[in-house]
Amino acid sequence: MKRQRGIALMLVLWVLTLLTVMAVSMTTAQRTEMALTENHVATTRFRLLSDAAIAYTALRFLMPDAIQDEPPALELDDETAESAEWRPNGAPHRWRFAGTELTISVMNELSRLNLNQTEPTVLTSLLEILGVSEDAAAQLADAIADWRDEDDLTQLNGAEDDDYRDAGAAIGAKDGPFVAVEELRQVLGMTQEIYRRLAPEVTVEGEGADPELAFASPAILAATQGISLEDAQLQIVERDTTTVPGARGPRAANRGGPLYRILVTDDIAGQRGRRMEALMELMPGQQPPYLVHWRRFNPLREAE
5 MKRQRGIALM LVLWVLTLLT VMAVSMTTAQ RTEMALTENH VATTRFRLLS
55 DAAIAYTALR FLMPDAIQDE PPALELDDET AESAEWRPNG APHRWRFAGT
105 ELTISVMNEL SRLNLNQTEP TVLTSLLEIL GVSEDAAAQL ADAIADWRDE
155 DDLTQLNGAE DDDYRDAGAA IGAKDGPFVA VEELRQVLGM TQEIYRRLAP
205 EVTVEGEGAD PELAFASPAI LAATQGISLE DAQLQIVERD TTTVPGARGP
255 RAANRGGPLY RILVTDDIAG QRGRRMEALM ELMPGQQPPY LVHWRRFNPL
305 REAE
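So, in structure tokens, the structure goes:
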């Protein structure tokens, strides 16, 4: 009898253990499913907020010069207060919409160096300003030129198909224009660190070799003007000063365009949040008045 009771007790304990494991597994699965659902909802919400931010930015830049310094007459949020002029120089603007505070930065796309038009000497200067050694900068600039040109003649420090083959690369030089900045990753000699620094300064949009300096970054200004980065930064501080003591009345605003790079972030308390980068083209007088060429969510961070 005692033996039967012992066996029964063991069976009961075994069943209880099995039920406990099943309960824990179900709880874990439910928590995982809830976390995935919450993340999906948050991601979808951020995508919609990003579209709203793009539309708001388009409105800001489509407004007449005389009212650019005044906030749009929109019922957005009681906590939305944006009275500063928006210029496409990368300055961050806090914007609150639908109970969420976002940061919007706008950059004039044609104030970047054109990868398909810029001379290797200017690319070399830019790379040096970004911290690349003199020799490595010259080699990489010539490799970029060899990547985009249609011939198989190697620049002084460049790289054509044989050089890629010798380096064990799966492909050779493209011998055609860049269609995306990301192609830089395939250029011989390009590292992740150099790409991280260079990508925010270049573009494949437009046809001219000369960037619009009115909104250029310090690195672009220094590389194209042959000045130090420190002098370029001082010039930009003076350039971007929009207020004059004692001045009154509206002022004509130079807003560049028509292509703008927009970065929307929802970083909270210094933590890394969601990010959206988009290329927008303004088309005043047309319907729709703006066009989004592409969007990228969680793009490469310049500060990483």
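Heads up: the sequence shown begins at 5 in our numbering, then just goes up one per residue.
Every residue gets a Cβ at the ideal spot worked out from N, C-alpha and C, and that includes glycine.
Keep in mind the model is a prediction, meaning the values are calculated, not measured.
Go ahead and label residue i buried or exposed: buried means 16 or more other beta carbons lie within 10 angstroms of its beta carbon, across all protein chains shown.
i: residue 193; result: buried
i: residue 137; result: exposed
i: residue 29; result: exposed
i: residue 290; result: exposed
i: residue 18; result: exposed
i: residue 99; result: buried
i: residue 24; result: exposed
i: residue 120; result: buried
i: residue 2; result: A query on residue 2 cannot be resolved here, the shown segment of the chain reaching from 5 to 308 and no further.
i: residue 161; result: buried
i: residue 191; result: buried
i: residue 130; result: buried
i: residue 230; result: exposed
i: residue 20; result: exposed
i: residue 169; result: exposed
i: residue 22; result: exposed
i: residue 76; result: Low local confidence applies: a pLDDT of 48 at residue 76 is under 50, so the model's placement there is unreliable, with the coordinate-based value given in what follows. It counts as exposed.
i: residue 284; result: buried
i: residue 177; result: buried
i: residue 298; result: exposed
To the nearest angstrom, how far is the alpha carbon of residue i from that of residue j?
i: residue 217; j: residue 31; result: 58 Å
i: residue 301; j: residue 280; result: 4 Å
i: residue 43; j: residue 53; result: 15 Å
i: residue 234; j: residue 221; result: 12 Å
i: residue 148; j: residue 124; result: 8 Å
i: residue 156; j: residue 184; result: 21 Å
i: residue 97; j: residue 228; result: 28 Å
i: residue 151; j: residue 112; result: 26 Å
i: residue 142; j: residue 128; result: 5 Å
i: residue 62; j: residue 286; result: 7 Å
i: residue 238; j: residue 245; result: 11 Å
i: residue 219; j: residue 292; result: 26 Å
i: residue 209; j: residue 179; result: 18 Å
i: residue 36; j: residue 295; result: 38 Å
i: residue 236; j: residue 223; result: 7 Å
i: residue 101; j: residue 199; result: 34 Å
i: residue 163; j: residue 205; result: 22 Å
i: residue 165; j: residue 158; result: 9 Å
i: residue 258; j: residue 106; result: 25 Å
i: residue 108; j: residue 50; result: 13 Å
i: residue 140; j: residue 172; result: 19 Å
i: residue 207; j: residue 27; result: 55 Å
i: residue 265; j: residue 40; result: 31 Å
i: residue 46; j: residue 89; result: 30 Å
Quick one: grab the DSSP three-state call for residue i.
i: residue 302; result: coil
i: residue 221; result: coil
i: residue 29; result: helix
i: residue 175; result: coil
i: residue 98; result: strand
i: residue 231; result: coil
i: residue 137; result: coil
i: residue 161; result: coil
i: residue 216; result: coil
i: residue 183; result: coil
i: residue 119; result: coil
i: residue 111; result: strand
i: residue 206; result: strand
i: residue 192; result: coil
i: residue 47; result: helix
i: residue 245; result: coil
i: residue 211; result: coil
i: residue 154; result: coil
i: residue 89; result: coil
Does the distance from the CB of residue i to the CB of residue j come in under 8 Å?
i: residue 303; j: residue 66; result: no
i: residue 133; j: residue 59; result: no
i: residue 114; j: residue 263; result: yes
i: residue 117; j: residue 110; result: no
i: residue 174; j: residue 188; result: no
i: residue 135; j: residue 201; result: yes
i: residue 270; j: residue 104; result: yes
i: residue 309; j: residue 68; result: The first residue shown for the chain is 5 and the last is 308, placing residue 309 beyond what the model contains.
For the ligand ADP, I want to know if residue i counts as a neighbour, meaning its beta carbon is within less than 7 Å of at least one of the ligand's heavy atoms.
i: residue 120; result: Here there are no bound small molecules, and the ligand ADP is not part of this structure.
Every unbroken beta strand (DSSP E) within the stretch 260-295, with a cutoff of 3 residues, ordered by chain
The stretch 260-295 contains these whole beta strand (DSSP E) runs: 263-269, 279-286.
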